[in-house]
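Structure first, then comments.
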Amino acid sequence: MSHFSQNLNWPRAFVAVALAVAVSTAGAGEALVRFANGETITKADLSVYLDRRVDLRSTSRNVWGVQTTLREMALVRALALEGTAMGQPREEGREAQRFDDVYAQAVYTKLAPACKPPADETAARQFFQDHPQAFRVPPMARLSRVILPASESLEGEPAAAWLMKQAQAVASGAKSFDDLAKQAESVYKLDAQGDLGWVTLFEEDASVLRVLATTKQGEMVGPIREGDFAYLFKVDEKREGRQLAWGDVAVSVPTRAVTYCRQEGSKKVREDLFKKYGVDLDGAAIRAMFSKQSAAN
23 MSHFSQNLNW PRAFVAVALA VAVSTAGAGE ALVRFANGET ITKADLSVYL DRRVDLRSTS
83 RNVWGVQTTL REMALVRALA LEGTAMGQPR EEGREAQRFD DVYAQAVYTK LAPACKPPAD
143 ETAARQFFQD HPQAFRVPPM ARLSRVILPA SESLEGEPAA AWLMKQAQAV ASGAKSFDDL
203 AKQAESVYKL DAQGDLGWVT LFEEDASVLR VLATTKQGEM VGPIREGDFA YLFKVDEKRE
263 GRQLAWGDVA VSVPTRAVTY CRQEGSKKVR EDLFKKYGVD LDGAAIRAMF SKQSAAN
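The numbering used here numbers the first residue of the sequence shown as 23 and each following residue consecutively.
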């Protein structure tokens, strides 16, 4: 997979367990992404792209995952526009493809910085000192989760209000989180309820991950509404983030320096192109794709 693609795919281990639902096929022409030049990326475009990119299907079943895929599509398209402006030739027979990953990669290679390892130990130490963020282990947590369609009613109450009462019962010791998960599973089975395993909490990415990164072991987060779902998290175990010492990373600094350079270069290329071509994801339209269908399922 290309470097620009890798950098867009934010913690997919988390996405894969988050809020999976069925995407409505209604309104296939509705714009999900807009460009300053009037171009759009529609539901139909997304569907066609996912037919080709089978590696993205499993992570495009929820709001966060679709946003990630749309950012990748938008970057592929922005790279194509930039390539045309640069005079980069296209392969014969591929001229009509709007989302041409091969062409995008060729353009990206011209825009990305050249990344080389530090020349010697002195340079490696300097890189280590100048980029502490490159040598930080992010926090991890073993999470449990309850997820319910927001449109669902339980015991005469909307899902979010019901979850709030259940959270209070768990906090008081009147009910265990495991029992709550089993109760939720009797209502909604399309996603795993309860233990999600260990999740890396990338603080710079999704809002829920940022909140969980600051949550202590044993505490709950939520209920939180995301699109058409309400959910509640519990941090069962926690490993705090930590800064690595020189002795821990001295041997790997050259490799890490190249990786970090590519990651930061990819981020800058995306930011610059999105700004130049006025890329705008329509969050409301993306959330609207999900699913009153799942409650019916």
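Built from N, CA and C at the ideal position, the CB exists for glycine as well.
Since Tyr-253 sits in a beta bridge, which residues does DSSP pair it with?
-> By DSSP's assignment, Tyr-253 forms a beta bridge with Ile-169 and Ile-246.
Where does Ala-53 fall in DSSP's three states?
-> Residue state, collapsed to three classes: strand.
Whole-number beta carbon distance between Leu-176 and Val-209, since they are thought to touch under 8 Å = That pair is a contact at about 6 Å.
Have a look at Ala-307 and Phe-57 and give me their C-alpha separation to the nearest angstrom.
-> Taking the Cα positions, Ala-307 is about 15 Å away from Phe-57.
Check Gln-265 in the structure and name its three-state DSSP category.
-> Three-state result, Gln-265: strand.
Measure from the alpha carbon of Val-159 to the alpha carbon of each residue in Ala-235, Arg-74 and Asn-84, then state which is nearest.
-> Of the listed residues, the one whose Cα sits closest to Val-159 is Ala-235.
Is DSSP giving Leu-223 helix, strand or coil here?
-> Secondary structure at Leu-223: coil, using DSSP grouped into helix, strand and coil.
Specify, as a first and last residue, the run of the beta strand (DSSP E) that Thr-64 falls within.
-> Unbroken beta strand (DSSP E) run through Thr-64: 62-64.
Alpha-carbon spacing of Thr-281 relative to Cys-137, whole angstroms = Cα-Cα distance, rounded: 8 Å.
Hey, quick one: how far does the alpha helix (DSSP H) through Phe-150 stretch, first residue to last?
-> In the DSSP assignment, Phe-150 falls within the unbroken alpha helix (DSSP H) covering 143-152.
First and last residue of the alpha helix (DSSP H) that includes Cys-283?
-> 275-298 is the extent of the alpha helix (DSSP H) around Cys-283.
In this structure, does DSSP put Met-186 in helix, strand or coil?
-> Reduced to three states, the DSSP call for Met-186 is helix.
Comparing alpha-carbon positions, which option in Ala-172, Pro-276, Ser-69 and Cys-283 lies nearest Pro-140?
-> For the options Ala-172, Pro-276, Ser-69 and Cys-283, the alpha carbon positioned closest to that of Pro-140 is the one of Pro-276.
Can you tell me where the alpha helix (DSSP H) with Glu-207 in it begins and where it stops?
-> Looking at the DSSP string, the run of the alpha helix (DSSP H) that includes Glu-207 is 199-207.
From Arg-34 to Val-168, what does the alpha carbon distance come to, in whole angstroms?
-> Confidence in Arg-34 is poor, its pLDDT being 37 and thus under 50, which makes the residue's placement too unreliable to answer from.
Applying the criterion that 16 or more other CB atoms from any shown protein chain within 10 Å of the CB defines a buried residue, is Ala-196 buried or exposed?
-> Result: exposed.
Taking the alpha-carbon positions, what's the Asn-59 to Lys-298 distance?
-> Their backbone Cα atoms lie some 10 Å apart in a straight line.
Do Asp-77 and Ala-372 come within 9 Å of each other at the CB atom, strictly closer than that value?
-> This structure gives no information on residue 372, because the portion of the chain shown stretches from 23 to 319.
Per DSSP, what kind of secondary structure is Met-108 in: helix, strand or coil?
-> Helix at Met-108.
Close Cβ partners of Asp-304 (< 6 Å) along its chain, the five nearest in sequence each way excluded = Counting only Cβ-Cβ distances below 6 Å, and skipping sequence neighbours, we find Leu-54.
Euclidean distance between Cα positions of Asp-142 and Ala-279 = Distance between the alpha carbons of Asp-142 and Ala-279 is about 12 Å.
Using a Cβ-Cβ cut-off of 6 Å (strictly less than) and excluding sequence neighbours within five positions of Ala-181, which residues of its own chain qualify?
-> In the same chain as Ala-181, and ignoring 5 residues on each side of it, the C-beta atoms closer than 6 Å to its own belong to Leu-170, Ala-172, Glu-174 and Ala-252, in chain order.
Is DSSP giving Asp-217 helix, strand or coil here?
-> Asp-217: strand per DSSP, three-state reduction.
Counting Cβ pairs, one atom from each stretch, are 3 or more of them under 8 Å apart for the segment 123-137 and the segment 184-204?
-> No contact exists between the segment 123-137 and the segment 184-204.
How far does the alpha helix (DSSP H) with Leu-125 in it reach, from first residue to last?
-> The sequence shown places Tyr at residue 125, rather than the Leu named in the question. Where Tyr-125 is concerned, the enclosing alpha helix (DSSP H) stretches over 123-133.
Can you list, in chain order, the residues of its chain whose CB lies under 8 Å from that of Leu-72, leaving out five sequence neighbours each side?
-> Short of 8 Å from the beta carbon of Leu-72, and not among the five residues preceding or following it, lie these beta carbons of its own chain, in chain order: Leu-78, Arg-79, Ser-82 and Thr-91.
Under three-state DSSP, which class holds Met-162?
-> Look at Met-162 here: in three-state DSSP terms it is strand.
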